[in-house]
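J.:
Protein chains in written order, with the numbering used here: chain A, 120 to 218; chain B, 738 to 934.
1) In terms of DSSP beta bridges, what is residue 145 of chain A paired with?
2) Please identify the residue among B:789, B:771, B:742 and B:898 whose C-alpha is closest to the C-alpha of residue 753 of chain B.
3) Within 10 angstroms of its Cβ, does residue 166 of chain A collect 16 or more other Cβ (buried), or is it exposed?
4) By the three-class DSSP mapping on this structure, what secondary structure does residue 765 of chain B have?
5) Expressed to the nearest angstrom, what Euclidean distance is found between the alpha-carbon atoms of residue 899 of chain B and residue 192 of chain A?
6) In the DSSP assignment, find the unbroken alpha helix (DSSP H) run with residue 811 of chain B in it and report its ends.
7) For the 8 Å Cβ check, are there 3 or more pairs between the segment 841-852 of chain B and the segment 121-141 of chain A?
8) Anyone know if the C-beta pair for residue 756 of chain B and residue 132 of chain A falls short of 7 Å?
9) Should residue 789 of chain B be labelled buried (16 or more other beta-carbon atoms within 10 Å of its own) or exposed?
10) Helix, strand or coil: how does DSSP classify residue 888 of chain B here?
11) Shortest alpha-carbon distance to residue 944 of chain B belongs to which of A:173, A:199 and A:139?
12) If contacts are defined as beta-carbon pairs under 8 Å, then residue 189 of chain A and residue 896 of chain B qualify, I think. What distance do you get, rounded to the angstrom?
13) Return helix, strand or coil for residue 828 of chain B, following the three-state DSSP convention.
14) Which chain B residues sit within Cβ distance under 8 Å of residue 143 of chain A?
15) How many angstroms separate the CA atom of residue 206 of chain A from the CA atom of residue 876 of chain B?
16) Counting only beta-carbon separations shorter than 7 Å, does residue 157 of chain A have a partner in chain B?
17) For residue 760 of chain B, name the three-state secondary structure that DSSP assigns.
18) Given residue 183 of chain A, which residues of its chain have a CB within under 8 Å of its CB, disregarding the five upstream and five downstream residues?
19) Can you give me the Cβ contacts of residue 870 of chain B inside the same chain, cut-off strictly under 7 Å, excluding the 5 residues immediately before and after it?
20) Could you tell me the distance, in whole angstroms, from the CA atom of residue 747 of chain B to the CA atom of residue 798 of chain B?
21) Does any C-beta atom of chain A lie closer than 7 Å to the C-beta of residue 842 of chain B?
22) Drop a sphere of 10 angstroms on the beta-carbon of residue 815 of chain B, count the other beta-carbons inside from all chains shown, and report buried for 16 or more, exposed for fewer.
23) Answer with yes or no whether the minimum CB distance from residue 919 of chain B to chain A is below 7 Å.
24) Taking the C-alpha atoms as reference points, what is the distance between residue 144 of chain A and residue 867 of chain B?
25) Identify, in the order they occur along the chain, each residue of the same chain with its Cβ nearer than 6 Å to the Cβ of residue 781 of chain B, setting aside the five sequence neighbours on each side.
26) Please confirm if residue 774 of chain B has its CB atom under 7 Å from at least one CB of chain A.
27) I'd like to know whether the C-beta atoms of residue 136 of chain A and residue 155 of chain A end up nearer to each other than 7 Å.
28) Go ahead and pull the three-state DSSP assignment for residue 788 of chain B.
29) When you compare only the Cα positions, how much space is there between residue 751 of chain B and residue 138 of chain A?
30) Strictly below 7 Å CB to CB, what residues from chain A border residue 757 of chain B?
31) If you measure from the beta carbon of residue 192 of chain A to each beta carbon in chain B, is any gap under 7 Å?
32) Does chain A have any CB closer than 7 Å to the CB of residue 896 of chain B?
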């Protein structure tokens with residue numbers, strides 16, 4: 120398989136994630152779309168790593184996975200707090216920071 | 738059609754299907770499970786690309802921990818897909834959102850095709866064989882503990898901060914704290930009334 124096949128797949132997954140961020144009105148689904156976009160970038164990194172025969176890309180992916188895990192933990196804690204205070208997961212109604 | 742190509746196409750179709758269903762279904766639980774399907778297919782692709790260690794890590798960390806955390810939160814908040822999500826956006830605005838996504842995809846493919854149209858053989862050419870130990874735990878571990886030791890240690894600090902932060906943010910305030918806050922608000926209200934009068 121050529122690397123470009125994997126890169127196009129990573130691009131498709133990234134675009135799906137981006138569309139999901141734009142159209143979803145549920146804050147949890149929006150959050151999962153961000154995870155999907157992060158992982159599509161991981162796929163591209165691993166494909167390049169395989170093509171260039173260096174393992175450095177794997178180290179980057181490992182760090183990205185760790186950061187994603189940390190981000191999910193804090194983000195879901197925020198979702199829980201928002202739901203407790205405002206009783207909604209609709210992102211259009213959590214716009215208090217918007218001017 | 739060789740086995741390699743078959744594995745790629747099956748996994749790719751499953752990954753894209755899972756991702757598409759995730760953003761279209763209304764029930765958050767089903768959404769999480771579709772994302773799980775997509776990640777499992779992507780783990781297969783990781784392993785196909787020689788990243789054996791990371792493929793297993795993806796399954797353990799994402800499917801085993803992160804998505805379970807998502808499911809846990811969905812069930813904790815008792816979401817069943819019937820929540821009030823407000824008015825659906827107008828057809829025109831929805832169309833423009835899909836258009837932006839399609840444009841992004843075209844752009845990405847264009848960039849990839851552009852580099853493939855050049856003479857860069859690393860992108861267009863078939864991937865050659867790699868050494869047996871490529872992407873093994875030993876290989877990646879050696880790199881993480883030598884060249885990337887500093888960032889690797891920093892992620893440990895990051896995880897610690899994230900754990901403490903998550904606990905502090907999600908903590909339910911005790912009755913004493915709530916009473917203190919209420920008292921504070923009342924005092925502030927009185928002082929502002931005094932100022933007005």
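Every residue gets a Cβ at the ideal spot worked out from N, C-alpha and C, and that includes glycine.
T.: Reading off the structure:
1) A:209
2) B:771
3) So residue 166 of chain A ends up on the buried side.
4) Assigned with DSSP and collapsed to three states, residue 765 of chain B falls in helix.
5) 7 Å
6) 804-813
7) yes
8) In this structure, residue 132 of chain A lies closer than 7 Å to residue 756 of chain B by Cβ.
9) buried
10) helix
11) Limits of chain B in this structure are 738 at one end and 934 at the other, which puts residue 944 of chain B out of reach.
12) 6 Å
13) helix
14) 760
15) 48 Å
16) no
17) In the structure shown, residue 760 of chain B sits in a helix (DSSP, three-state: H, G or I).
18) 157, 160, 161 and 164
19) 876
20) 23 Å
21) Cβ-Cβ to chain A under 7 Å: yes for residue 842 of chain B.
22) exposed
23) Not an interface residue.
24) 45 Å
25) If we look at residue 781 of chain B and ignore the five residues flanking it on each side, its Cβ neighbours are 748.
26) no
27) yes
28) Residue 788 of chain B carries a coil assignment under DSSP once its states are collapsed to helix, strand and coil.
29) Residue 751 of chain B and residue 138 of chain A: Cα-Cα distance of roughly 18 Å.
30) 135
31) Yes, its Cβ sits closer than 7 Å to a Cβ of chain B.
32) yes
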